[in-house]
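Q:
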Amino acid sequence: MASITQSPVSFTGNLTSKSNASDHLRSSSNGACGVPLRTLGRAQLGAKQRNFTISAKVRKVKKHEYPWPEDPDPNVKGGVLSHLSPFKPLKEKPKPVTLDFEKPLMDLQKKIIDVQKMANETGLDFSDQIISLENKYQQALKDLYTHLTPIQRVNIARHPNRPTFLDHVFNITEKFVELHGDRAGYDDPAIVTGLGTIDGKRYMFIGHQKGRNTKENIQRNFGMPTPHGYRKALRMMYYADHHGFPIITFIDTPGAYADVKSEELGQGEAIAHNLRTMFGLKVPIISIVMGEGGSGGALAIGCGNKLLMLENAVFYVASPEACAAILWKTAKASPKAAEKLRITATELTKLQISDGVIPEPLGGAHADPYWTSQQIKTAIIESMDELVKMDTETLLKHRAQKFRKLGGFQEGIPVDPKRKVNMKKKEDPIVPITRTSEAELAEEVEKLKQQILDGAKSTGGLPRTGLKDMIEKLQTEIDYEYAEAARALGMEDKISMLREEIAKSRSGSDEAANPALRVKIEQVRDEFDKKLPAAPNYSSLKGKLDLLEDLSKNLNLSEKSSKKDELKLEIKKRLNAVTNRPEVKQKIESLKAEMANSGVTDIGSNPELKEKLLQLRSELHSEFDAVLKSMDLQVVHPTPETMGKLSTFNEEVHMIIDDVVSSSDLKDKIELLKAEVAKAGLTPDGDAKSKIEALESEIKQAIKEALNTPELKEKHEKLTAEVLESTKSSKESTGDEQSKSDEAQVTVTAEASRGSA
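Note that the sequence shown covers residues 10 to 766 in my numbering.
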């Protein structure tokens with residue numbers, strides 16, 4: 010039953026005797042302090058009667074409407090909750106705080122403000138510049154906040170303008186009423202508890218509450234609870250468990266308040282009691298780390314079925330500064346400590362300590378608190394939908410298993426390669442050499458040669474991977490043959506002793522610096538070479554050496570061919586990039602349209618169009634020359650006489666190709682290819698596709714063989730020499746290296762002219 014407290018009553022007058030017992034037993038409905046007003050006003054004091062006066066001051070108290078007002082003002086900012094909670098929006102907006110790593114963003118922001126101010130003062134249009142600067146700012150913001158270091162996330166988690174527990178609660182609940190006190194001491198403002206509804210469902214909210222300014226931080230003790238705060242949280246947990254309210258806890262504290270008074274009042278016992286109790290609560294528990302979660306002060310309300318973390322929140326046993334002071338004896342090593350501790354939301358999710366990451370807007374939660382709160386609300390609803398389906402026994406096992414599996418390792422699971430850094434390296438096992446017979450080697454080499462031949466016919470390139478594997482295999486076989494030959498010739502001990510001497514000399518300097526050792530090496534080598542033909546396995550060794558030499562040549566050809574193809578592709582790619590530029594495309598299309606509209610068939614009859622065409626051609630040539638020079642290629646412009654010879658050579662090549670194509674054998678193959686293509690249609694099957702590819706390969710090979718005549722080769726070489734002679738002066742001015750580039754370019758140009766045919 011509520012009691013009404015009134016101001017003390019002041020009495021004036023003289024009392025010579027006490028009131029009668031019957032007066033005190035009368036109704037005191039109109040009295041004060043249990044004394045009837047009639048007795049106080051007109052007291053009969055023996056035979057003598059005097060006037061007696063009384064005065065009372067009653068303080069007017071604002072009437073509270075519990076639990077909710079009947080007609081709340083819809084225009085009040087904050088809605089219904091602002092009628093009930095003393096937590097009101099700040100009268101003044103918090104001052105913006107710029108972190109050290111955000112200073113480049115502030116420079117861009119300042120430029121945007123300066124340009125806007127200039128536009129307002131001058132009246133000029135700077136919209137393009139403003140849009141460009143804003144795009145740069147957004148891109149810089151995105152790049153910065155998607156590649157944050159751990160210590161930067163710690164600074165964001167401690168940001169003074171970061172939304173607090175009550176900010177989030179008022180954004181995600183329709184109704185909320187705060188509950189106070191631990192029924193044992195006093196009401197700790199560092200922990201706030203209360204009942205609220207989300208989508209009509211009731212939840213118990215418990216969280217650390219930091220201040221939004223210095224005054225509030227002092228009042229809230231900077232979010233560091235005392236034992237009274239944890240006992241208040243414990244009382245509300247029992248209350249929620251009794252009434253079946255799911256519990257949602259919000260963690261944002263650097264740690265429990267560690268002063269002498271708190272220790273005297275049982276800080277450790279209060280935290281331990283909470284830990285033990287939370288594992289036995291029969292309602293779902295979700296814990297959300299919204300800022301920094303420090304040590305046992307965070308864990309005291311964080312033993313839930315689900316632990317979710319905001320993107321820039323941190324959760325640690327010891328702060329990075331404390332860890333750095335312990336390990337590196339200086340707090341300046343905190344960035345290194347933050348990285349080693351793995352305290353960010355992403356890292357803790359990988360370690361399965363956190364069950365999920367709640368996204369934040371670019372710039373941190375303080376950039377858009379309401380949006381962040383809605384992300385928290387969505388995460389709460391999804392997690393609760395999963396937990397409420399569990400029965401009590403499953404729920405308790407789920408909560409216990411979450412913490413039981415932390416830090417557990419199972420034998421037999423492969424170790425993360427990163428963790429093998431400090432492990433002792435195992436010695437590589439000695440694998441015995443498996444020799445291959447000469448017949449098998451010869452068969453493998455023949456197959457490889459056939460693959461090389463097929464690759465050359467199909468212009469698909471040589472099989473470089475197969476070549477390298479075969480060469481390595483041959484080298485292993487040859488090393489084994491040399492060892493067998495040395496053993497058979499009785500030189501194994503001499504070679505072993507020489508190797509030991511070489512190893513000793515290498516510890517000090519190169520063996521080449523020791524003349525006596527060098528002479529000894531030459532003597533042993535000459536002796537071995539003289540005796541080698543007498544070795545029983547000499548023929549096998551000689552055959553394998555010949556195979557190795559042959560395959561090495563093929564590998565070199567393959568590498569040269571691939572480099573040439575890569576160069577051609579790169580040149581084509583860069584030239585296409587020039588012609589595909591919007592302004593170049595527009596010029597070409599406009600010239601085509603002008604030619605089409607004029608109806609001129611011979612452009613030479615229209616001097617104006619011819620002039621435009623020559624101008625566009627000159628511009629493109631200069632662009633192409635710049636592209637080739639950027640690739641360290643010398644651009645060669647042959648003389649008109651040389652160009653005429655090139656044209657004549659191309660005509661001769663075309664005539665040879667026409668003769669080959671007109672031959673009966675190749676003509677039949679071309680007709681057969683056309684028939685196969687028409688028969689296969691747009692979607693040929695495997696057999697049809699292989700037939701078409703085989704015919705194409707045969708036709709290409711026939712044309713290639715026709716062009717590969719000695720007369721045509723001789724003409725090509727003479728023409729190449731003439732082109733090189735015509736550009737001799739250019740070579741002398743650009744140097745020897747540039748001359749080599751010229752020669753390579755001319756060769757590529759000449760071969761390209763042949764290939765184009």
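Where a beta carbon is used, it is the ideal one built from N, C-alpha and C, also for glycine. Please read these numbers as outputs of a predicted model, since none were measured by experiment.
Inspect the beta-carbon positions of N314 and K411 and report whether they are closer than 8 Å.
A: Here residue 314 corresponds to residue number 305 of the sequence shown, with the count starting at 1. Here residue 411 corresponds to residue number 402 of the sequence shown, with the count starting at 1. Contact: yes.
Q: Checking the sheet assignment: what are the DSSP bridge partners for H217?
A: Position 208 of the sequence shown, counted from the start, is the residue given in the question as residue 217. I200, per the DSSP bridge assignment.
Q: Tell me the start and end of each unbroken alpha helix (DSSP H) in the stretch 647–713 that is at least 4 residues and wholly inside, in chain order.
A: 649–671 and 673–689, all fully within the stretch 647–713.
Q: Leaving out the 5 sequence neighbours to the left and right, which residues in its chain are closer than 8 Å to N546 when beta-carbon positions are compared?
A: Here residue 546 corresponds to residue number 537 of the sequence shown, with the count starting at 1. For N546, where only same-chain residues beyond five positions count, the Cβ hits under 8 Å are E490, E493, A494 and A497.
Q: Can you give the Cα-Cα distance for D116 and I122, rounded to whole angstroms?
A: Within the sequence shown, numbered from 1, the residue matching residue 116 stands at position 107. Within the sequence shown, numbered from 1, the residue matching residue 122 stands at position 113. The alpha-carbon atoms of D116 and I122 are separated by roughly 10 Å.
Q: Buried or exposed for F174, please, with buried defined as at least 16 other CB atoms from any protein chain shown within 10 angstroms of its CB.
A: Taking the sequence shown and counting its residues from 1, the one referred to as residue 174 is at position 165. The residue in question, F174, is buried, as its Cβ has 16 or more Cβ neighbours within 10 Å.
Q: Going by DSSP, name the residue or residues bridged to G311.
A: Locating residue 311 in the sequence shown gives position 302, counting from the first residue. G311 is not bridged to any residue.
Q: So for R211, helix, strand or coil by DSSP?
A: Locating residue 211 in the sequence shown gives position 202, where the first residue counts as 1. Three-state result, R211: strand.
Q: Between which residues of its own chain and S141 is the CB-CB distance below 6 Å, once the five residues before and five after are set aside?
A: To locate residue 141, count along the sequence shown from 1; it is residue 132. Here the set comprises nothing.
Q: If you measure between the beta carbons of G373 and I165, is that distance less than 8 Å?
A: Taking the sequence shown and counting its residues from 1, the one referred to as residue 373 is at position 364. Taking the sequence shown and counting its residues from 1, the one referred to as residue 165 is at position 156. Yes, Cβ-Cβ distance for G373 and I165 is below 8 Å.
Q: Measure the C-alpha to C-alpha separation of Q484 and G499 and round it to an integer number of angstroms.
A: Start at 1 with the first residue of the sequence shown, and residue 484 comes out as number 475. Start at 1 with the first residue of the sequence shown, and residue 499 comes out as number 490. One C-alpha to the other measures close to 23 Å.
Q: In the DSSP assignment, find the alpha helix (DSSP H) that holds F412 and state where it starts and stops.
A: By one-based count along the sequence shown, residue 412 stands at place 403. From DSSP, the alpha helix (DSSP H) with F412 extends over T401 to R413.
Q: Where does L317 sit, in a helix, a strand or coil, going by DSSP?
A: Residue 317 sits at position 308 when you count from the first residue of the sequence shown. Three-state DSSP puts L317 in a strand.
Q: Measure the C-alpha to C-alpha separation of G305 and L108 and round it to an integer number of angstroms.
A: Taking the sequence shown and counting its residues from 1, one reaches residue 305 at position 296. Taking the sequence shown and counting its residues from 1, one reaches residue 108 at position 99. Rounded to whole angstroms, G305 to L108 spans 28 Å at the Cα level.
Q: For T206, which three-state DSSP category applies?
A: Counting from 1 along the sequence shown, the entry for residue 206 is found at position 197. Strand at T206.
Q: Once you ignore the five residues that flank P159 on each side, which residues in its own chain have a CB closer than 6 Å to its CB?
A: In the sequence shown, residue 159 corresponds to position 150, counting from 1. Closer than 6 Å at the Cβ level, and outside the excluded window around P159, lie A347, E348 and T353.
Q: Decide if V201 is buried, meaning its Cβ has at least 16 other Cβ atoms within 10 Å, or exposed.
A: As a working note, residue 201 is residue 192 in the sequence shown. Answer is buried; the Cβ neighbour count reaches 16.
Q: Which word fits G289, buried or exposed, when buried means at least 16 other C-beta atoms lie within 10 angstroms of its C-beta?
A: Along the sequence shown, one-based indexing puts residue 289 at 280. Label assigned to G289: exposed.
Q: Name the DSSP beta bridge partners of E493, please?
A: Your numbering for residue 493 matches position 484 in the sequence shown. DSSP, once it has assigned bridges, lists no residue as partnering E493.
Q: Are I701 and A689 closer than 8 Å when you measure CB to CB?
A: Here the question's residue 701 lines up with position 692 in the sequence shown. Here the question's residue 689 lines up with position 680 in the sequence shown. Result yes, Cβ atoms of I701 and A689 sit closer than 8 Å.
Q: Can you grab the Cα-Cα spacing for the pair A149 / K120, in whole Å?
A: Taking the first residue of the sequence shown as 1, we reach residue 149 at position 140. Taking the first residue of the sequence shown as 1, we reach residue 120 at position 111. The straight-line gap from Cα to Cα measures roughly 14 Å.
Q: Mind checking whether A309 and Y266 have CB atoms under 8 Å apart?
A: Stepping through the sequence shown from its first residue, residue 309 is reached at position 300. Stepping through the sequence shown from its first residue, residue 266 is reached at position 257. Cβ distance not < 8 Å, so A309 and Y266 don't count as in contact.
Q: Let me know the secondary structure DSSP gives L99 once reduced to three states.
A: Here residue 99 refers to the residue found at position 90 of the sequence shown. Three-state result, L99: coil.
Q: Could you compute how far the alpha carbon of E481 sits from the alpha carbon of L450?
A: As a first step, residue 481 must be located in the sequence shown, where it is residue number 472. As a first step, residue 450 must be located in the sequence shown, where it is residue number 441. Cα to Cα, the separation comes out at about 13 Å.
Q: From I511 to P524, what distance separates their C-alpha atoms?
A: Within the sequence shown, residue 511 is the residue found at index 502, counting from 1. Within the sequence shown, residue 524 is the residue found at index 515, counting from 1. Each residue's Cα considered, the two are about 12 Å apart.
Q: For the alpha helix (DSSP H) holding S631, just list the boundary residues, first then last.
A: Walking along the sequence shown from the start, residue 631 turns up at place 622. P616 to S639 is the extent of the alpha helix (DSSP H) around S631.
Q: Would you list, in sequence order, the uninterrupted alpha helix (DSSP H) runs of no fewer than 4 residues that lie entirely inside the stretch 92–168?
A: List check, alpha helix (DSSP H) in window: 112–131, 136–154 and 159–166.
Q: What are the complete beta strand (DSSP E) segments, minimum 3 residues, inside the stretch 306–394?
A: Those beta strand (DSSP E) runs which fall completely within the stretch 306–394 and span 3+ residues are 315–319, 323–325 and 365–367.
Q: Quick check on T403: buried or exposed, where buried means 16 or more other Cβ atoms within 10 Å of its Cβ?
A: Residue numbering aside, residue 403 sits at position 394 when the sequence shown is read from its first letter. Exposed: under 16 other Cβ atoms inside 10 Å.
Q: Sorted by chain position, which residues of the same chain lie with C-beta nearer than 6 Å to E558's C-beta, five sequence neighbours on each side aside?
A: Walking along the sequence shown from the start, residue 558 turns up at place 549. Excluding sequence neighbours, E558 sits near nothing in its chain.
Q: Please check the pair M479 and L560, which I expect to be a contact at CB under 8 Å, by giving their CB distance rounded to whole angstroms.
A: Along the sequence shown, one-based indexing puts residue 479 at 470. Along the sequence shown, one-based indexing puts residue 560 at 551. Correct: roughly 6 Å between the Cβ atoms.
Q: Is V593 near F633, with beta carbons less than 8 Å apart?
A: Taking the sequence shown and counting its residues from 1, the one referred to as residue 593 is at position 584. Taking the sequence shown and counting its residues from 1, the one referred to as residue 633 is at position 624. No, the Cβ-Cβ distance between V593 and F633 is not below 8 Å.
Q: May I ask you to report which of helix, strand or coil DSSP gives M233?
A: The residue you call residue 233 lines up with position 224 of the sequence shown. Note: M233 maps to coil in three-state DSSP.
Q: Should L556 be labelled buried (16 or more other beta-carbon atoms within 10 Å of its own) or exposed?
A: Numbered from its first residue, the sequence shown carries residue 556 at position 547. L556 should be labelled buried.
Q: Going by DSSP, what residue range makes up the beta strand (DSSP E) through T258?
A: In the sequence shown, the residue the question calls residue 258 occupies position 249. Run containing T258: I256 to T262, per the beta strand (DSSP E) assignment.
Q: Starting from K184, trace the alpha helix (DSSP H) both ways and give me its first and last residue.
A: As a working mapping, residue 184 is identified with position 175 in the sequence shown. Premise fails: K184 lies in the beta strand (DSSP E), K184 to L188, not in any alpha helix (DSSP H).
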